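So the sequence shown is residues 0 to 192, counted in numbering that gives the first Met the number 0.
No residue lacks a Cβ here, since even glycine has one placed at the ideal position from N, Cα and C.
The structure displayed is predicted, hence computed values, not measured ones.
See below for the structure under consideration.
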Amino acid sequence: MSNSPRGHEPPIKRRALLRRIVNGFSLVGLGLLAYPFVRHWVPAWQSEGSREVDLSELKQGETLSVSWLGREVKILKRSAAQLQALSKGTQALKDPASAASNQPSFATGRLRAEREDFFVFYAECTHLGCAVSVDADHEAPIYCPCHQSTFDAAGRVTKGSAATANLDVPNYRHVSANAILLLEPESETRVRS
Ligand code: FES
C-alpha cells in the first residue's frame, strides 16, 4: 500500500518519468545533429534527382568516379596539356561536333562541358559498354580496354576506334568552385546536324 497522498506521484516514479523525458529529448537532439552527416555520406539519402560531388581533392590530370542513377560517372580535371590538345584540329575525330552523340544542351561545344577545367562523363564505352579508363599521359587520354577505342579529353572518339559515338555526358551543374551537382537526365538532348 502506497504512503503517497492521493493525487500525487511517488518521488521515484516522478524521477523515472523525468529521466525518460530527458532521454527522449537527448535522442531527438542526437538524431538532429547526426542527420546532416549521414545525409552527406550516404548518397541514397541525398535528395532524389541530384547528387553533389566534391572535387576539391582532384588534381590536374586526375579522375574521380562516382555512381549516379546506376551508372558510373567519371570527372576528369583536365590538365593544361589536355586542354591544349583539344584546340588542335578535329581531323582525327569521328564526331567532332557531337552531332550523333548524347550530351546535355550546354555541353555541345568543343569542350562538351560546363567549365573547361572539368570533363564529366559516363564511363561506359559507346561501342559495347565496357568501362573506359583514363591515362593522363596520352593525347587521347580516355581509352577502352576491350577493343582499344580511344577518346580525347572531351570524350570525342578518334578515327580507327570500334566505337562510333562520343562518350555520353550526364546532366549536371557546377554549384561552387569545387563541386558539381549531378542531375536527372531530363534535359539531356541528342544534338543532330
Ligand atoms: Fe569499348 Fe568495344 S566496348 S571498344
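Residue i Cβ short of 7 angstroms to the ligand FES heavy atom set
i: GLU135; result: Residue 135 is actually Ala in this sequence, not Glu. Checking every heavy atom of the ligand FES against the Cβ of ALA135, none is found closer than 7 angstroms.
i: SER104; result: no
i: GLY159; result: no
i: LEU127; result: yes
i: SER240; result: What is shown of the chain runs 0 to 192, which leaves residue 240 out entirely.
i: SER132; result: no
Local Cβ density within 10 Å of residue i, reported as buried at 16 or more and exposed below that
i: GLY154; result: buried
i: ARG70; result: exposed
i: ARG174; result: Reading the sequence as shown, one finds Val at residue 174 and not Arg. The residue is exposed, with fewer than 16 neighbouring Cβ atoms inside 10 Å.
i: ARG50; result: buried
i: ASP53; result: exposed
i: THR89; result: exposed
i: ALA15; result: exposed
i: ARG194; result: Limits of the chain in this structure are 0 at one end and 192 at the other, which puts residue 194 out of reach.
Reference residue i; option with closest CA among the options
i: LEU68; options: TYR171, ALA176, SER175, ALA178; result: TYR171
i: ALA229; options: GLU115, GLN102, CYS129, THR107; result: Shown here, the chain extends from 0 to 192; a query on residue 229 therefore has no answer.
i: ALA96; options: LYS73, ALA164, GLY159, GLU51; result: ALA164
i: SER64; options: LEU57, SER55, ILE74; result: ILE74
i: ASN101; options: ARG14, GLU56, LYS12, PRO184; result: PRO184
- In the stretch 76-113, which residue ranges form an unbroken alpha helix (DSSP H) of at least 4 residues, counting only runs that do not cross its ends? 79-85
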